[in-house]
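Undergrad: Once you've had a glance at the structure underneath, I'll fire off some questions.
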Amino acid sequence: MYGKILVPVDGSQTARGGLREAIKLAQGFQVTLRLLCIVNEAELTLAEAAYPNAELLDQLRQAGSAVLKDAEIEARAAGLNLESVLLDTSTNIAGELIVQQAKEWPCELIVMGTHGRRGLHRVVLGSSAEFVLRHTPVPVLLVRRQNDR
Numbered sequence: 018m019y020g021k022i023l024v025p026v027d028g029s030q031t032a033r034g035g036l037r038e039a040i041k042l043a044q045g046f047q048v049t050l051r052l053l054c055i056v057n058e059a060e061l062t063l064a065e066a067a068y069p070n071a072e073l074l075d076q077l078r079q080a081g082s083a084v085l086k087d088a089e090i091e092a093r094a095a096g097l098n099l100e101s102v103l104l105d106t107s108t109n110i111a112g113e114l115i116v117q118q119a120k121e122w123p124c125e126l127i128v129m130g131t132h133g134r135r136g137l138h139r140v141v142l143g144s145s146a147e148f149v150l151r152h153t154p155v156p157v158l159l160v161r162r163q164n165d166r
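Counting in my numbering, the sequence shown tops out at residue 166, every number present.
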């Protein structure tokens, strides 16, 4: 069984699905979940250009903290050991930080939701899940959206 599972969360339905799968895997075993939320400062670029405001970044961090808190509540309700990490980035590549966490912690499995985008949407929006699959040194369990099953 896995001893350490990394679970990226962002508040989306797919990330919640990934968290739920990780909880199922961990229950009844001596497993530690590390919940990871990434605050992406690049998302503020357009907003700051239109209305520069240091409070926007603070609001984004508060939102990330709230996502982590909700995930912590769900994992603790299942009686699991857990850690939480909130990371900032000014790049648009969350996958790099996920892989970095997988190596630094180090975990034995990554469980994450995937939006299941295809075609132009995947190319334009990128795919953190695909990046993680291609670059991580550990196994990855991808959980698709409910309506994709």
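Note that CB positions come from ideal geometry on N, CA and C, so glycine has one too.
Leaving out five residues on either side along the sequence, give the residues of the same chain with a beta carbon under 7 Å from the beta carbon of Glu145.
TA: According to the sequence shown, residue 145 is Ser rather than Glu. The residues are Ala111, Gly112 and Ile115.
Undergrad: Does DSSP put Ile55 in a helix, a strand or coil?
TA: Strand, per DSSP.
Undergrad: Using DSSP with H/G/I as helix, E/B as strand and the rest coil, what is Arg161?
TA: Strand.
Undergrad: Going by Cα to Cα distance, which pick from Ala83, Met18 and Asp75 is closest to Val26?
TA: It is Ala83.
Undergrad: Are there 16 or more other CB atoms within 10 angstroms of the CB of Ile55, so buried, or fewer, so exposed?
TA: Its Cβ being crowded by 16 or more others within 10 Å, Ile55 is buried.
Undergrad: With which residues is Asp105 paired in a DSSP beta bridge?
TA: Per DSSP, Val56.
Undergrad: With DSSP run on the structure shown, which of helix, strand or coil describes Leu73?
TA: Here Leu73 sits in helix by DSSP.
Undergrad: Could you check where the beta strand (DSSP E) with Thr131 kicks off and where it finishes?
TA: Segment Leu126 to Thr131, the beta strand (DSSP E) holding Thr131.
Undergrad: CA-CA distance, Arg162 and His132?
TA: Straight-line Cα distance between these residues: approximately 6 Å.
Undergrad: Pull up the distance between the alpha-carbon of Leu85 and that of Glu58, whole angstroms please.
TA: If you take the alpha carbons of Leu85 and Glu58, they lie about 17 Å apart.
Undergrad: Helix, strand or coil for Thr31? Go by DSSP, reduced to three states.
TA: If DSSP states are grouped into helix, strand and coil, Thr31 belongs with the helices.
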